[in-house]
Amino acid sequence: MRILKIIGLSLIIISFGACKDPNNKLKEGPRSPGPNGPLSASDFNRDGTVTKAEMDEFITMGPERKVGLVAYFDQFDTDANGILSPKELPLVTPPFAFDGTDADGDGSVSKNEVKTYVKDRLYRQMGLEEFFTLIDTDHNLEITPAEMEAAHKNGQLPHE
96 MRILKIIGLS
106 LIIISFGACK
116 DPNNKLKEGP
126 RSPGPNGPLS
136 ASDFNRDGTV
146 TKAEMDEFIT
156 MGPERKVGLV
166 AYFDQFDTDA
176 NGILSPKELP
186 LVTPPFAFDG
196 TDADGDGSVS
206 KNEVKTYVKD
216 RLYRQMGLEE
226 FFTLIDTDHN
236 LEITPAEMEA
246 AHKNGQLPHE
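With the numbering used here applied, the sequence shown closes on residue 255, and no number is skipped along the way.
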């Protein structure tokens with residue numbers, strides 16, 4: 096009888112462990128696209144300069160890039176309770192939009208978790224078009240390596 100209890104308890108423990116996703120991207124997040132965050136990812140021709148056309152193309156690849164992550168959160172929090180539940184999360188497109196935001200790994204994302212996640216990344220707080228305009232200090236519709244470096248020094252763009 097004792098062995099059956101031990102086996103039963105072991106199965107319960109194993110089943111709880113199986114519920115946790117060891118590759119929980121909501122908690123761990125995506126890998127960095129490069130040292131300049133979205134500027135690295137949007138430099139499609141890899142020449143070190145990001146043009147407005149490249150940024151515009153990058154923005155079309157993820158609707159959250161247009162408005163910033165906190166505003167995007169509000170679009171999917173259908174019950175307005177400040178939490179994206181396991182019921183609401185499957186409605187998010189693209190499905191990776193909130194990867195890295197689930198700090199406690201509980202499988203849901205709170206608005207506070209999103210705010211904490213974006214606090215050190217200005218480009219996640221605002222739309223990337225607005226961010227592009229901020230970093231393009233000479234307003235020639237290109238962000239040069241010098242402008243990227245200035246953004247790093249000014250704290251507008253952390254090294255990823």
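Built from N, CA and C at the ideal position, the CB exists for glycine as well.
S205 and G177 have their C-alpha atoms roughly 6 angstroms apart. Boundaries of the alpha helix (DSSP H) around V209: 206-213.
Contact check between the region 130-140 and the region 182-201: fewer than three CB pairs, one atom from each, fall below 8 angstroms, which does not count as touching.
In the DSSP assignment, T146 forms a beta bridge with E237. Contact annotation: the region 202-222 touches the region 154-170, with at least three C-beta pairs closer than 8 angstroms.
Your pair E123 and G202 does not check out as a contact, with CB atoms roughly 13 angstroms apart and the cut at 8 angstroms.
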